[in-house]
Structure formats: structure tokens, C-alpha cells
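Written below as C-alpha cells is the structure these notes are about.
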Amino acid sequence: MSNLSFIEPMPGSPWDTYLAQVDQVAPYLGPLARWIETLRRPKRALIVDIPIMLDDGRVAHFEGYRVQHNLSRGPGKGGVRFHPAVNLEEVMALAAWMTVKNAAVNLPYGGAKGGVRVDPATLSRQELERLTRRYTSEIGLIIGPDRDIPAPDVNTNAQIMAWMMDTYSANVGATVTGVVAGKPIPLGGSLGRVRATGRGVFLVAREAARRQGLALTDARVVVQGFGNVGSVAAELFAANGARVVAVQDHTGSIHNGNGVNLAALTAHVAETGGVAGFAGAEPLDNEQFWEVECEFLVPAALEGQLGEERAQRVRAKLVVEGANGPTTQSGDRVLHDRGIAVVPDVIANAGGVIVSYFEWVQDFSSFFWSEDEINARLERILLGAFEQICDTAAQLKIPLRTAAFVVACSRVLAAREQRGLYP
Ligand code: GLU
């Protein structure tokens with residue numbers, strides 16, 4: 399980051415990638431392009447110090463963030479991440495991608511994201527609770543059911559959302575279930591929320607394959623990341639006749655040409671913390687993982703994984719982005735030149751935030767829907783938005799990512815223009 403301005407990107411950072419994506423959409427925005435600078439600047443970024451008492455009596459400090467990239471179309475919306483690599487630029491990019499994602503699927507939200515730079519595996523459950531509560535209290539200045547609504551992301555889950563809801567509620571003196579999504583069901587959580595992101599990845603992948611005349615039966619699937627997104631997507635691929643032939647996570651990579659037994663892998667991961675050492679597959683070199691021949695490659699881990707060099711070695715028909723920002727700008731170019739279609743994150747992984755929206759609506763009305771109703775509505779919104787993006791891509795002869803940005807950024811900038819500037 400330069401000393402001059404926090405919006406100056408570090409070359410190759412997620413924020414840099416996002417800004418390059420904005421540059422690409424600019425020629426397709428018509429007169430709305432005069433507002434484009436809006437997209438290059440987060441509206442608001444809050445950096446907080448989070449001091450907590452450790453179990454042994456020492457005090458530790460952590461750095462936390464909540465960035466509201468854009469609020470033109472509604473309150474901020476986006477997850478909270480606990481990870482040792484979290485920094486302001488990363489959270490800015492993730493918040494900006496939420497602006498685009500929420501607009502791409504036409505949810506009445508702006509875009510926001512939060513994070514704490516911490517390795518939660520090094521904390522006890524009590525320390526994690528104290529960290530979560532103090533972080534929530536610090537960002538309490540800017541969140542709220544009509545201001546900005548956090549949700550789970552990397553290394554955060556329903557329990558953490560319960561602590562966030564409780565802390566916010568204690569501070570305002572009333573139970574406010576709608577302040578976060580992804581809560582446990584008894585606290586106003588929504589059925590289907592936990593699996594929604596992985597389900598959406600699968601639904602969009604299946605539709606993209608159908609459009610390319612690619613069969614799911616016996617299709618080979620390679621998945622990076624076996625967390626909440628990758629594991630659910632993998633399971634749905636397998637349940638629909640595909641074979642998951644390779645999986646990578648932070649512990650290593652595994653390969654089984656006949657298809658990995660996912661129930662057994664899930665049990666192994668629950669027991670050991672990762673895919674490495676799984677008896678039902680061969681270990682695989684972490685770089686060779688990217689070369690495994692497949693129909694679907696699903697990066698569902700962290701951003702910046704698929705750069706130029708790896709993109710040159712990919713042997714997939716379709717890349718479906720379960721993670722946010724997994725493909726770099728040069729990686730995108732190489733895949734495009736090689737004729738490998740990329741279904742971008744802002745539509746492929748939008749299932750999670752769509753069901754977060756359902757949760758928020760259900761909390762407001764205190765009326766809860768059945769899981770079938772939720773899944774049907776999820777599919778309708780997601781595939782409707784995907785169709786619009788595909789139509790835009792065909793009409794303008796542009797890649798799906800640029801098309802998704804055209805659809806989304808047009809909505810954001812039209813709202814910006816209609817609201818006008820104050821004063
Ligand atoms: N963290 C998820 C995402 O990146 C969900 C965000 C939300 O539900 O607000 O889309």
C-alpha cells in the first residue's frame with residue numbers, strides 16, 4: 399500500500415485484481431461510466447484494535463476490519479473472515495466483490511466485508527468467543543440490520559454468528575436477529591443456509607455445462623478447498639453422477655481416478671483436520687494438482703490461486719469459482735486464450751448470500767420458510783441471474799466475468815446516479 403492513499407493497490411493483490419476487472423467493464427457501461435470512480439473507492443473502511451484476555455492471563459491484540467465498499471443499492475452485506483493473511487487490501491477487494499455479487503443477482507444490498515487477522519486454530523473456544531465479541535462490539539458503530547449485515551466466510555460459522563448477534567443485541571438492548579445471517583436455526587437462522595454456497599456452485603456449474611453440451615455423468619471434478627463450499631459442491635457433483643478425482647486443501651493434495659469416496663474423506667477431514675493422509679486416494683504433489691485432467695475445476699479455497707503459470711497447465715473444460723477472487727488477472731487472460739470458460743465467483747458462489755438474504759427477510763417478518771421453498775427460490779434467482787449474464791456475454795461477445803460486471807455495475811451506478819450526490 400502506498401503512503402499516499404489506501405486505495406492504491408499493491409501489484410498482484412486482490413484489490414489490484416478487482417481494479418483491473420473494473421477497467422475491463424468500463425467500455426460497456428455507456429453514459430453510466432461517468433460514475434465509475436465510485437467502484438474504485440470503498441465508501442468506508444473501519445480498522446479496529448481487538449484486545450482480548452488470553453486464557454493464561456496475558457493480553458493479545460488483533461487487527462480487525464469492516465469495509466463497506468458501496469451502499470448505493472441498500473445496506474452493506476458480506477461475510478467476516480478469520481485468517482492470518484487478512485489485511486485491509488484483501489478486505490477491500492472482498493467487499494467490492496460483494497457489491498458486484500449482490501448486484502449481479504439483484505439483491506437489495508450494497509457490498510461489505512470484514513475480517514480479523516488471526517489464526518483461529520491457535521485460540522481456545524473461550525478466546526475465540528472473546529475475540530468475536532470484542533470485534534463485533536468495535537464494528538458495532540457501523541453494522542446493523544438496516545446498515546450492514548455480516549455472515550460467515552473463511553473460518554467463521556454459525557456459532558460465531560450467534561456470538562455476534564448476542565453481542566450486538568446486548569449493546570443495543572434488544573434481540574436483533576437480523577444483524578447477521580448464517581446463525582443457528584433456533585436463533586433465527588435459515589434452513590439451507592449452511593449448504594447454500596456449495597449448492598449454488600453446483601447449480602451454476604450444471605447449467606454452464608448444459609449450455610456447453612458437457613455431460614455430468616462420469617465428468618471428472620477437481621476441487622481446491624474442502625471447507626463449507628468445496629465439500630458441499632463436491633458432494634452434489636458426486637450425487638449427480640460426476641467423479642471427484644482430486645482434492646487439495648491447506649494440508650495437501652490427493653488423487654483417485656475412480657472418484658474419491660466423499661463420505662470417507664469428510665470423516666477423515668473431521669478427524670485429522672485435512673485431506674492429507676487420506677487412505678482412499680494417492681497423495682499428489684500440490685503443483686501437479688493443477689494439471690489433473692478434468693471437466694470441472696472448482697477453486698473453492700482462497701483468492702489468487704490461479705495465476706498465469708498455473709492457468710497454463712490447467713486441463714479442465716470449465717473453471718467454476720467457488721472462492722472469491724481465485725483467478726488473477728493474468729490467469730484469467732491465459733484461460734480465456736486457451737478457450738477454457740470461467741464461471742466467475744460473483745455468480746458461481748452467490749448462493750450463500752442469496753440465502754443470507756432469505757434469512758434476513760425471514761427474521762424481519764418472523765415467519766420462516768421450508769427448506770424446499772428456500773432451495774426452489776435459490777435456484778430460481780441464481781439461474782435467472784446466470785441466464786442474464788450468459789445473454790449479456792453472448793450479445794457483447796465478452797467473457798462471463800466481464801458480462802457479470804456489466805449487469806452488476808450498471809445496476810450499482812444507475813442507483814448512484816438516481817440517488818444523486820449529497821450535497
Ligand atoms: N461469505 C459469503 C460470500 O462471500 C457470504 C456472504 C453473505 O452471506 O453475506 O459470498
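The numbering of the sequence shown is my numbering, which starts it at 399 and goes up by one.
Glycine included, every Cβ here is placed at the ideal spot set by N, Cα and C.
Closest by CA to residue i, which one among the options?
i	options	result
P742	L780, E757, I450	L780
I434	R817, L811, M451, G818	L811
C807	T497, N485, W688	T497
I583	W758, I405, I796, P543	W758
I541	I448, N553, G655, S567	S567
G623	T664, A640, G655, N656	T664
E707	G720, L700, T726, A714	T726
E516	N638, R545, I448, S411	Checking the sequence, you will find Val at residue 516 rather than Glu. It is I448 whose Cα lies nearest to the Cα of V516.
G571	K581, R545, G538	G538
V744	N722, G818, V420	N722
I445	L427, S411, L486	L486
R778	L601, A801, P724	L601
G474	E669, V420, P548	P548
W688	N656, D647, H666	D647
L614	A606, V621, L794, A640	A640
H666	G625, L704, E701, D421	G625
A606	S763, D421, I738, E771	I738
W495	S763, T415, S764, G671	T415
D735	I796, K499, N555	I796
I752	G455, V423, K499, R432	K499
L700	G720, D683, N684	G720
In terms of DSSP beta bridges, what is residue i paired with?
i	result
E461	D447
H653	A644, E680
V718	V741
D546	G474, G542
R442	Q466
L781	Partner(s): none; L781 has no beta bridge.
P697	Q622
T725	L704
R479	G513
Throw me the rounded Cβ distance for the residue i and residue j pair, which I believe falls under 8 Å.
i	j	result
L612	E693	6 Å
R479	N569	No, R479 and N569 are not in contact; Cβ-Cβ is about 22 Å, not under 8 Å.
A801	L794	7 Å
P724	Q703	5 Å
V620	A714	7 Å
Within a Cβ cutoff of 8 Å, which residues of the same chain sit near residue i, ignoring the five residues on either side of it in sequence?
i	result
A603	A631, F635, F694, V696, L716, V718, V741, A746
V805	A501, A502, A783, Q786, I787, T790
Q686	S651
L417	P407, R438
L660	S629, A632, E633, A636, V642
F402	Reading off the sequence shown, one finds Leu at residue 402, where the question assumed Phe. Nothing listed; no residue qualifies.
N773	G590, R597
P409	none
Looking only at its chain, what residues have a beta carbon closer than 6 Å to the beta carbon of residue i, apart from the 5 residues adjacent to it on each side?
i	result
M490	W413, P440, V465
A813	S470, R471
R442	Q466
R593	V630
R809	A501
V514	F460, G462, F480, Y533
G586	T575, D761
A674	T649, G650
V732	E706, A709, Q710
R609	none
S411	E487
Is the CB-CB distance between residue i and residue j below 8 Å?
i	j	result
A493	K511	yes
V712	A644	no
I787	L776	no
V627	A698	yes
Y755	L505	yes
H653	A679	yes
A748	G729	no
D453	Q524	yes
V574	M562	no
N468	G508	yes
A543	G580	The question names Ala, yet the displayed sequence has Pro at residue 543. Not closer than 8 Å, so no.
G598	G750	yes
L430	E815	yes
Once the 5 residues before and after residue i are set aside, which same chain residues still bring their CB inside 7 Å of it?
i	result
Q760	S588, F766, W767
T565	R531, T534, S535
M451	V457, R528
S828	Nothing about residue 828 can be reported from this structure: the residues present for the chain run from 399 to 821 only.
I405	R438, R439
G818	none
G655	V643
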